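Just below is one structure, and these are the notes that go with it.
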């Protein structure tokens, strides 16, 4: 887990050539790219993107690319692009401020502070969007560069020593948060792994080594750490100093590797490159610290390998994005957090579910390349049930499956993941993706805490009472009607329509997307109202849903003021053919 343990992905190529070639061009590996040498799809050809009263222009001079911002509220600024972030659905950019869009321009701010730039290029359809509007942030007044790249995006999108990601967990509840840290505190108590210091002197020494590497201290113990201090105090101070230096000073020059490398998942593998008999491990294997499995993971059934792989994926795919306060299961991010509603929280969500002890993420996903579309399609059909039947063998026959699901065993209602991993999360392409907390649509927390009822994702024409009564009849459940009435207003309401008018933003977006996919014409007006939703991400889902309902493009620009949007959508609705 220490910097000295890492060898870099190039050391893996000679022995693992096929895997290396597949990984080298994968979206995950290309998650961060150096702008000068990157293959970039965004058009830096002088075209502009306008947002309200502000605009940006994308320019190129030689090998250098620039983003020039003109803002009434935040002033005019020019940035030379240094980083390309992402590459599967979109490209984001980071850069340093310069005097003009010329290759010879002077940097006018601290070059270590590469700022996240306020424009995103979306691949499908090819278009620009304000950076940040892929998550639940509130509407913004104009365009300005955002946070410092090396303090916001760097850990999960690149290869860093795992020790750096564990600092917050080792320091404890008093630790300030930072991007890319391991966040077991956001799991329920029975799912939290416990890290303990196994060798105090070694942890202090490792902390000092990392501090020196970050050039954040002298070549001695950090200020306030004294050799005569008790061991626990000395460790706490050393870890805290290293954590604070990491949050402030960790930059591109401190990466093990730009982008997601082999060792992001397999751990520091220098020993393996020197002696192939010493295999890398997904679990923490260190003399410095020990990792005790959570009570859930310590149960005798299941697979230790699966648990270790899932923990590895959750190093990055653990995010409850932005300051948006709500989670699934009626939870709050700041308290008893449920599952995430958006991309990049999938592995943490999987750890919340019932199968994380027995099945790993790689049962469905290729960790070394983009998932094959044919395989993904198969998983979403009856053939995909085979993944689940390895454990749930009693459901292998058609009769057993029909009795369990109360649906035709050959139809979509008997495809395991349609009910146990429903499409209700907000994908980066304004499509719904699967919620990875494997559970049941009949769970009380979901039925009484979330909108819409998950059965309504398919049964769009059934009322709240229809669906609730069916779940009670089929599966012997009982639900509080007063709780349901508080959610939907009326038990005879259609859950999707009521969710759009009464729900939280993430619930609204889910319902809107389904109404669009099902082309529910009666929903046009209430969906159109959400083109001025407080959360811009919901607006994009609403516009796409309107297009699907109407079967024609919705040319309403979401980059203008709310009153302009309202006028434009009224005109668009009025122009509908008879």
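Residue numbers (this note's numbering): -14 to 563. Using N, Cα and C, we set each Cβ at its ideal position, and we do this for glycine too. This one's a predicted model, so the numbers in the text were calculated from it and none came from an experiment.
For residue i, three-class secondary structure by DSSP
i	result
residue 442	helix
residue 316	coil
residue 144	strand
residue 17	strand
residue 5	helix
residue 59	coil
residue 335	helix
residue 67	strand
residue 379	helix
residue 188	helix
residue 427	coil
residue 34	strand
residue 54	strand
residue 80	strand
residue -9	coil
residue 229	helix
residue 360	helix
residue 139	coil
residue 182	strand
residue 245	coil
residue 547	helix
residue 542	coil
residue -2	helix
Beta-carbon proximity of residue i to residue j, cut-off 8 Å
i	j	result
residue 517	residue 551	yes
residue 531	residue 509	yes
residue 228	residue 152	yes
residue 386	residue 276	no
residue 274	residue 183	yes
residue 14	residue 244	yes
residue 168	residue 303	yes
residue 69	residue 18	yes
residue 100	residue 80	yes
residue 121	residue 491	yes
residue 414	residue 241	no
residue 217	residue 272	no
residue 542	residue 560	no
residue 423	residue 338	yes
residue 333	residue 155	no
residue 86	residue 39	no
residue 437	residue 407	no
residue -3	residue 247	yes
residue 176	residue 56	no
residue 577	residue 219	Any question about residue 577 goes unanswered here, given that the chain covers just -14 to 563.
residue 432	residue 505	no
Residue i to residue j span [Cα, whole Å]
i	j	result
residue 20	residue 148	28 Å
residue 266	residue 255	12 Å
residue 355	residue 107	18 Å
residue 465	residue 359	42 Å
residue 8	residue 347	15 Å
residue -14	residue 260	18 Å
residue 521	residue 123	7 Å
residue 547	residue 487	20 Å
residue 24	residue 376	44 Å
residue 294	residue 239	26 Å
residue 515	residue 435	19 Å
residue 449	residue 394	25 Å
residue 131	residue 523	21 Å
residue 281	residue 308	29 Å
residue 590	residue 535	Past the edges of the chain, shown from -14 to 563, lies residue 590, and the structure says nothing about it.
residue 135	residue 538	39 Å
residue 48	residue 73	23 Å
residue 389	residue 400	11 Å
residue 204	residue 223	Because the pLDDT at residue 204 is just 41, under 50, the model does not fix this residue reliably, and the point stays unresolved.
residue -9	residue 95	30 Å
residue 250	residue 270	13 Å
residue 202	residue 51	Below a pLDDT of 50, predicted positions are generally treated as unreliable, and residue 202, at 43, falls in that range; the measurement from the model is reported next regardless. Their Cα atoms are separated by approximately 35 Å.
residue 511	residue 157	46 Å
Contact belief for residue i with residue j at Cβ below 8 Å, rounded distance in angstroms
i	j	result
residue 287	residue 343	5 Å
residue 383	residue 392	Wrong, their Cβ atoms sit about 11 Å apart, outside the cutoff.
residue 494	residue 526	5 Å
residue 115	residue 64	The Cβ separation is near 15 Å, so there is no contact.
residue 315	residue 323	7 Å
residue 32	residue 76	Contact doesn't hold; Cβ gap of about 14 Å is too wide.
Contact test: residue i Cβ vs the ligand GTP heavy atom, cutoff 7 Å
i	result
residue 352	This structure simply doesn't include the ligand GTP, nor any ligand for that matter.
Could I get the ranges of all uninterrupted beta strand (DSSP E) runs contained in the stretch 85 to 134, with 3 residues as the minimum, in chain order?
Qualifying beta strand (DSSP E) stretches, in chain order: 104 to 107 and 112 to 115.
Contiguous alpha helix (DSSP H) assignments of at least 4 residues, all confined to the stretch 449 to 527:
Whole alpha helix (DSSP H) segments, 4+ residues: 449 to 460, 466 to 473, 480 to 487, 490 to 502 and 509 to 514.
Can you list, in chain order, the stretches of the beta strand (DSSP E) that have 3 or more residues and sit fully within the stretch 248 to 278?
The qualifying runs are 274 to 277.
Entirely within the stretch 383 to 438 and at least 3 residues each: give me those beta strand (DSSP E) ranges in chain order.
Fully enclosed beta strand (DSSP E) runs of 3 or longer: 408 to 411 and 417 to 419.
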